[in-house]
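Q: If you read the sequences in order, they're chains A and B. Here the working numbering is used: the first residue of the first sequence is 45, the next is one more, and so on. Here the working numbering is used: the first residue of the second sequence is 34, the next is one more, and so on. We treat Cβ as the ideally placed atom computed from N, Cα and C, and that holds for glycine. To start, I am sharing the structure in question, which I have written as structure tokens.
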Amino acid sequence: MAHFEKANSVGEWLDQRLAVNKLMKVMMTEYWIPKNINFLWAMGVVLMTMFTVLLISGIFLLMYYKPDTKLAFDSVNYTIMQEVYFGWLWRHMHAVAASVVFLVIYIHMFTAIYYGSYKRGREMIWISGMLLFVTFSAEAFSGYMLPWGQMSYWAAQVITNLFGGIPFIGDELVIWIRGNFYVADSTLTRFFMLHVLLLPLVIMGIIGLHFYSLRIPHVNNQEGEEIDFDAEAEKYKAGQKKESKVIPFWPVFLSKDLFVMGVFMIFYFYLVFYHYNFAMDPINFDPANPMKTPAHIYPEWYFLWSYEVLRGFFFDVGPIAAMDIGLAAFGIANVIFFLMPVLDRSPVVKPAHKRGPFFIWFWILVVDMIVLTIWGKLPPTGINAWIGFFATIVFLVSLLVALPAITKKEAERAGGAA
Amino acid sequence: MADQGRRDFIGMVFGGVAAVGGVASLYAMKRTWDPLPSVMAAGFTTVDLSPMKEGEFRTVQWRGKPIFILKKSKEMKKCDDRDLMVGNEDYLIAIGLCTHLGCIPAWEADKQIFKCACHGGEFDACGVNTFGPPPRPLDIPPFKIEGTKLVLGEEGPEYKKLVGKA
Numbered sequence: 045m046a047h048f049e050k051a052n053s054v055g056e057w058l059d060q061r062l063a064v065n066k067l068m069k070v071m072m073t074e075y076w077i078p079k080n081i082n083f084l085w086a087m088g089v090v091l092m093t094m095f096t097v098l099l100i101s102g103i104f105l106l107m108y109y110k111p112d113t114k115l116a117f118d119s120v121n122y123t124i125m126q127e128v129y130f131g132w133l134w135r136h137m138h139a140v141a142a143s144v145v146f147l148v149i150y151i152h153m154f155t156a157i158y159y160g161s162y163k164r165g166r167e168m169i170w171i172s173g174m175l176l177f178v179t180f181s182a183e184a185f186s187g188y189m190l191p192w193g194q195m196s197y198w199a200a201q202v203i204t205n206l207f208g209g210i211p212f213i214g215d216e217l218v219i220w221i222r223g224n225f226y227v228a229d230s231t232l233t234r235f236f237m238l239h240v241l242l243l244p245l246v247i248m249g250i251i252g253l254h255f256y257s258l259r260i261p262h263v264n265n266q267e268g269e270e271i272d273f274d275a276e277a278e279k280y281k282a283g284q285k286k287e288s289k290v291i292p293f294w295p296v297f298l299s300k301d302l303f304v305m306g307v308f309m310i311f312y313f314y315l316v317f318y319h320y321n322f323a324m325d326p327i328n329f330d331p332a333n334p335m336k337t338p339a340h341i342y343p344e345w346y347f348l349w350s351y352e353v354l355r356g357f358f359f360d361v362g363p364i365a366a367m368d369i370g371l372a373a374f375g376i377a378n379v380i381f382f383l384m385p386v387l388d389r390s391p392v393v394k395p396a397h398k399r400g401p402f403f404i405w406f407w408i409l410v411v412d413m414i415v416l417t418i419w420g421k422l423p424p425t426g427i428n429a430w431i432g433f434f435a436t437i438v439f440l441v442s443l444l445v446a447l448p449a450i451t452k453k454e455a456e457r458a459g460g461a462a
Numbered sequence: 034m035a036d037q038g039r040r041d042f043i044g045m046v047f048g049g050v051a052a053v054g055g056v057a058s059l060y061a062m063k064r065t066w067d068p069l070p071s072v073m074a075a076g077f078t079t080v081d082l083s084p085m086k087e088g089e090f091r092t093v094q095w096r097g098k099p100i101f102i103l104k105k106s107k108e109m110k111k112c113d114d115r116d117l118m119v120g121n122e123d124y125l126i127a128i129g130l131c132t133h134l135g136c137i138p139a140w141e142a143d144k145q146i147f148k149c150a151c152h153g154g155e156f157d158a159c160g161v162n163t164f165g166p167p168p169r170p171l172d173i174p175p176f177k178i179e180g181t182k183l184v185l186g187e188e189g190p191e192y193k194k195l196v197g198k199a
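Now the structure itself:
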């Protein structure tokens, strides 16, 4: 057995057994962060906070929610909202956090795209982040179903039906996923399990991976500058804090994160207390009815862009049915961002405004996704259908064709200049 | 070298045992999500067609799904390969779920179409898709005819004839 000295303090006692001092250094006091990063880099900490809020508010909701098609609607809309002390608070915190978490995820994603943080050694940060985005989407969808209102029901109907588009096994797969011929009690209980146990576990695992993936290539910075972290860290430790390009995560950098988080939390609680309705669709206050579809169904705002891609193709092209093209486009939309490190063929790591055509491409993509989001909520008839169609085309072309072309040219120029 | 061979063998045996256990577990997991026997045995639905008037449209529930029944009047569009003839009466029988993503289209009697609000799909009085993303006509549920009664859930000769032709 290892040799242990008598410890003189609780800290020392723990250090001997768990190496807490070393852990603190690796995770906090000697985890080096570049100085020149702006508030957009605080989104990770904001997301972590939002996830914690979701987890805690979710635990309190879980104590009164009943995953049964006969009881679910009332357990939310009567028991939790009317009877449970502060039940409304947990529900609104949970619903608003579920919505704004996507806003922050999108900002986080587009920050990474803008500054090229998915490139050269940072690919795993991007890929694990995209895995988080996908699992968060599944988590959000499975949670949306639980209050068993009309929108919940028809969202479940449509989303489970999507699997029917898979060749050969589609129809049987849909019945298997639902556990019935229609969206029924078995569907509710298994989505409940996914929402409260399996998916949160997976998310926590991927959050761990996402943080770890950051630790080795280190955080990118506003200029995309390649920093010798070891050398800069030595400078900092030697007392040349001004000359060093890095600062420790704790306590120096986190103070900035905490400021951004403070501002964000004021915004968040303003929404929770005064504008919680934006996260509550009125149609979802009608109990689920399998025999009546609401006149107009649409997903929550954060899925609208991919929903619009799904329905963008409304006419057949030759022998291929419109639905199959839509499904294929939807499939592409959901995985295409995973491929960013491959689609961007330039080794240049710089902010978009220093990359010429890439800058224009970036803003076209942002505007196009906003257009898709807006038109995703409008009825798909007449001129709306055409706008949706062209926005879908722009989306697919900009990612699949324009991005590789622009960045290939850029790579040639960078090669020529060097 | 003999030792190495023995280790490889044990490794392969272990892999084999683990694979059998893994496949068995996956099968059990798959079966756990299958519809329960009580769901599979969900009863048949019988509908008496005789009280329906010409041009009348109604929806009945079968296995949790809406079933459209439209008794066609003289003016309505006929289709030999999709209409059900009971005696001299002409009916449309279809599962009332849009073949795109499964919303319930609404019967618009004045326009003689089924219109799906979700993605704008349209079906004519025969249940054939005429506009929008639906890839195929409305599905026909398995049924049989007993006199003037329609029994949903069993494949009768009339159903086989209809689907064979369709």
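Using a Cβ distance threshold of 8 Å, determine whether the region 288-300 of chain A contacts the region 201-217 of chain A, with at least three qualifying pairs required.
A: As far as the Cβ criterion goes, the region 288-300 of chain A does not touch the region 201-217 of chain A, which means the pair count is below three.
Q: Work out the CA separation of B:Ala158 and B:His116 for me, nearest whole Å.
A: The sequence shown places Asp at residue 116 of chain B, not His. Each residue's alpha carbon lies about 10 Å from the other.
Q: With DSSP as the reference, identify every bridge partner of B:Ala15, one or two as the case may be.
A: Because chain B is modelled from 34 through 199, residue 15 of chain B falls outside the range shown and cannot be assessed.
Q: For the alpha helix (DSSP H) that B:Pro99 lies in, which residues bound it at each end?
A: Careful: B:Pro99 lies outside any alpha helix (DSSP H), inside the beta strand (DSSP E) at Lys98 to Lys104.
Q: Just the C-alpha distance for B:Thr78 and B:Gly54, rounded to the nearest angstrom, thanks.
A: Cα to Cα, B:Thr78 sits roughly 42 Å from B:Gly54.
Q: Give me the chain B residues within the contact set of A:Lys336, using Cβ-Cβ distance strictly less than 9 Å, ordered along the chain.
A: Under the 9 Å cutoff, chain B gives Pro99 and Ile137.
Q: Under 8 Å, with one C-beta from each stretch per pair, do the region 133-148 of chain A and the region 85-95 of chain A reach the 3-pair mark?
A: Taking 8 Å as the limit for Cβ pairs, the verdict is that the region 85-95 of chain A does touch the region 133-148 of chain A.
Q: Check whether the Cβ atoms of A:Pro395 and A:Ala458 lie closer than 8 Å to each other.
A: Going by C-beta atoms, A:Pro395 is not nearer than 8 Å to A:Ala458.
Q: Does the pairing of the region 154-164 of chain A with the region 377-390 of chain A give three or more beta-carbon distances under 8 Å?
A: At 8 Å Cβ cutoff, the stretches touch.
Q: So, for B:Gly88: in the same chain, excluding its five sequence neighbours on each side, which residues have a beta-carbon less than 6 Å away from its beta-carbon?
A: Within the same chain, B:Gly88 has close Cβ partners Ser106.
Q: If you drop the 5 nearest sequence neighbours on each side, which residues of the same chain put their C-beta closer than 8 Å to that of B:Phe164?
A: Cβ within range, chain order: Gly153, Gly154 and Glu155.
Q: Write down every uninterrupted run of the beta strand (DSSP E) in the region 135-186 of chain A whose length is 3 residues or greater and which is fully enclosed by it, in chain order.
A: Within the region 135-186 of chain A, no complete beta strand (DSSP E) run reaches 3 residues.
Q: Could you run through the region 239-252 of chain A and flag, in chain order, every residue whose CB is less than 8 Å away from some CB of chain B?
A: Hits within the stretch: zero.
Q: Which residue's Cα is closest to the Cα of A:Arg355: A:Gly362, A:Tyr342, A:Tyr346 and A:Pro363?
A: Answer by Cα proximity: A:Tyr342.
Q: When DSSP labels each residue in this structure, what does B:Leu183 get in the three-state scheme?
A: Correct three-state label for B:Leu183: strand.
Q: Any beta carbon of chain A sitting closer than 8 Å to that of B:Gly153?
A: At least one chain A Cβ lies under 8 Å of B:Gly153.
Q: Per DSSP, what are the beta-bridge partners of B:Glu19 in this structure?
A: Summary: the structure shown does not reach residue 19 of chain B, with chain B confined to residues 34 through 199, and so no result is reported for it.
Q: Sort B:Gly129, B:Leu130 and B:Asp114 by Cα distance to B:Asp123 and report the nearest one.
A: It is B:Asp114.
Q: Is B:Thr163 close to chain A, meaning its C-beta is less than 8 Å from at least one C-beta of that chain?
A: No, B:Thr163 lies away from the interface with chain A (no Cβ there is under 8 Å from its Cβ).
Q: Which residues in chain A sit within 9 Å of B:Val72, going by Cβ to Cβ distance?
A: Within 9 Å Cβ-Cβ: Gly223, Asn224, Phe225, Ala228 and Ser230.
Q: Comparing the C-beta of A:Ile341 with each C-beta of chain B, is any distance below 8 Å?
A: Chain B, which has a Cβ nearer than 8 Å to the Cβ of A:Ile341, makes this yes.
Q: Give me the DSSP bridge partner(s) of A:Val290.
A: Looking at the DSSP assignment, A:Val290 forms a beta bridge with A:Pro78.
Q: For A:Asp176 and A:Val263, what's the separation of their Cα atoms in angstroms?
A: According to the sequence shown, residue 176 of chain A is Leu rather than Asp. Each residue's alpha carbon lies about 18 Å from the other.
Q: Pick helix, strand or coil for A:Arg399, following the three-state DSSP scheme.
A: Three-state DSSP puts A:Arg399 in coil, outside helix and strand.
Q: Would you call B:Phe47 buried or exposed, if buried means 16 or more other Cβ atoms sit within 10 Å of its Cβ?
A: By the neighbour-count rule (16 or more Cβ atoms within 10 Å), B:Phe47 is not buried but exposed.
Q: For A:Ile58, which residues in the same chain have their Cβ closer than 6 Å to its Cβ, ignoring the five residues on either side in sequence?
A: Correcting the residue identity first, residue 58 of chain A is Leu in this sequence and not Ile. Correct list, in chain order: Val64.
Q: Going by the DSSP bridge assignment, what does A:Val90 pair with across the sheet?
A: Note: A:Val90 sits in no beta bridge, so no partner.
Q: Kindly indicate if chain B contains any beta-carbon less than 8 Å away from that of A:Asn52.
A: So, not an interface residue.
Q: Report the option in B:Arg40, B:Leu183, B:Ala57 and B:Asp67 whose CA atom is closest to the CA atom of B:Lys104.
A: Comparing Cα positions, the closest option is B:Leu183.
Q: Out of curiosity, what's the CA-to-CA distance linking B:Gln145 and A:His340?
A: Computed Cα separation, rounded: 21 Å.
Q: Any idea if B:Lys98 is buried or exposed, counting beta-carbon neighbours within 10 angstroms, 16 or more meaning buried?
A: By the neighbour-count rule (16 or more Cβ atoms within 10 Å), B:Lys98 is buried.
Q: Hey, would you say B:Trp95 sits closer than 8 Å to B:Gly189, going by beta carbons?
A: No, they are not a contact pair.
Q: Taking a cut of 8 Å between CB atoms, which residues from the region 355-383 of chain A lie near chain B?
A: If the cut-off is 8 Å between Cβ atoms, the region 355-383 of chain A has Arg355, Phe357, Phe358, Ala365, Ala366, Met367, Asp368 and Gly370 near chain B.
Q: For A:Ile194, which of helix, strand or coil comes out of DSSP?
A: According to the sequence provided, residue 194 of chain A is Gln. The question's Ile does not apply to it. If DSSP states are grouped into helix, strand and coil, A:Gln194 belongs with the helices.
Q: Checking 8 Å against the spacing of the C-beta atoms, do A:Gly214 and A:Gly208 come in under that value?
A: In this structure, A:Gly208 lies closer than 8 Å to A:Gly214 by Cβ.
Q: Look at the alpha carbon of A:Gly249 and the alpha carbon of B:Asn162, and state the distance between them as a whole number of angstroms.
A: About 46 Å.
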